[in-house]
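**Q** In the working numbering, the protein residues as written are 1 to 173.
A virtual CB, placed ideally from N, CA and C, is assigned to each residue, including glycine.
The structure's right below; bear with me while I get my questions together.
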Ligand SMILES: CC(C)(COP(=O)(O)OP(=O)(O)OC[C@H]1O[C@@H](n2cnc3c(N)ncnc32)[C@H](O)[C@@H]1OP(=O)(O)O)[C@@H](O)C(=O)NCCC(=O)NCCS
């Protein structure tokens, strides 16, 4: 938990696209309050096969109608700088979407990122997400409004991409 708290307070780890200037919220406190993994969303540590802890992923519900069936998951990711650009971002988000499809009834997993965050857009594409469009002026960050681009994958599409063997594979090392 101390590691995640340290990451949360490091702009280098967050990256410019997660710099919202909000007060730090302790992961230990989130754990105590039962906010780490719950009905409405969650947070997980990204751990490599050799045990190295390299980042976090999160998800929260987005309602597209008042009924429970209309809840989609919106995911987020942050990897430490040392492991970026090795194919992990795509693979981790592919695995997170897979986990959410396997453990919940949701039909849609989505992610939004800054139009300038090319690495995240590419990672999402490699994870099988489809680019849906730009939400103009949707995010206030670092003293300005920013355009976000939304990507999504649906249950059917994930089955199709699995069938064609189009899943991303990580490049370690
Ligand atoms: C965004 C992030 C998750 C991507 O993960 P990653 O492991 O670095 O990404 P991958 O290695 O899977 O893929 C990155 C792709 O983007 C490309 N890329 C990276 N930086 C780029 C840049 N500045 N311009 C163009 N392409 C870039 C890489 O070449 C790669 O594409 P390729 O496989 O076709 O060569 C990771 O960099 C990160 O945690 N960044 C900080 C936090 C963040 O921005 N989170 C998302 C906020 S919404």
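Does the stretch 88-97 come within contact of the stretch 29-36, defined as at least 3 CB pairs closer than 8 Å?
**A** In short, these stretches do not touch, since the Cβ pair count stays below three.
**Q** Tell me the start and end of each unbroken beta strand (DSSP E) in the stretch 132-158 that is at least 3 residues and wholly inside, in chain order.
**A** List check, beta strand (DSSP E) in window: 144-154.
**Q** To which residues does DSSP link residue 56 through a beta bridge?
**A** Answer is 45, 78.
**Q** Figure out for me which residue from 3, 113, 64, 124 has the closest Cα to the Cα of residue 134.
**A** Answer by Cα proximity: 113.
**Q** Could you compute how far the alpha carbon of residue 93 sits from the alpha carbon of residue 77?
**A** Each residue's alpha carbon lies about 8 Å from the other.
**Q** State whether the stretch 144-160 contacts the stretch 99-109, with contact taken as three or more CB pairs (one from each stretch) at a distance under 8 Å.
**A** Counting Cβ pairs under 8 Å, three or more are found: they touch.
**Q** Under the three-state reduction of DSSP, which class applies to residue 37: helix, strand or coil?
**A** Strand, per DSSP.
**Q** Please list, in chain order, all residues of the same chain as residue 150 whose beta carbon is under 7 Å from its beta carbon, the five residues on each side excluded.
**A** Contacts found: 110, 112, 132, 133, 135.
**Q** Taking 8 Å as the threshold, find out whether the stretch 39-57 comes into contact with the stretch 72-88 through three or more Cβ pairs.
**A** Touching, per the Cβ criterion.
**Q** Can you look up residue 111 in the DSSP assignment and give me helix, strand or coil?
**A** In the structure shown, residue 111 sits in a strand (DSSP, three-state: E or B).
**Q** Checking 8 Å against the spacing of the C-beta atoms, do residue 115 and residue 147 come in under that value?
**A** Yes, the Cβ-Cβ distance between residue 115 and residue 147 is below 8 Å.
**Q** Can you tell me where the alpha helix (DSSP H) with residue 14 in it begins and where it stops?
**A** Segment 11-14, the alpha helix (DSSP H) holding residue 14.
**Q** For the putative contact between residue 142 and residue 19, defined by C-beta atoms under 8 Å, what is the C-beta separation to the nearest angstrom?
**A** Sure, about 5 Å apart at Cβ, within 8 Å.
**Q** Confirm, please, whether the CB-CB distance from residue 79 to residue 46 is below 8 Å.
**A** Yes. Within cutoff.
**Q** Please find out if some non-hydrogen atom of ligand 1 comes closer than 7 Å to the beta-carbon of residue 17.
**A** Yes, Cβ of residue 17 sits closer than 7 Å to a heavy atom of ligand 1.
**Q** Are the beta-carbon atoms of residue 34 and residue 59 separated by less than 8 Å?
**A** No, these two residues do not count as a Cβ contact at 8 Å.
**Q** For residue 129, collect the residues of the same chain with a Cβ closer than 7 Å to its Cβ; drop the 5 residues on either side in sequence, then sort them by chain order.
**A** 111, 151, 152, 153.
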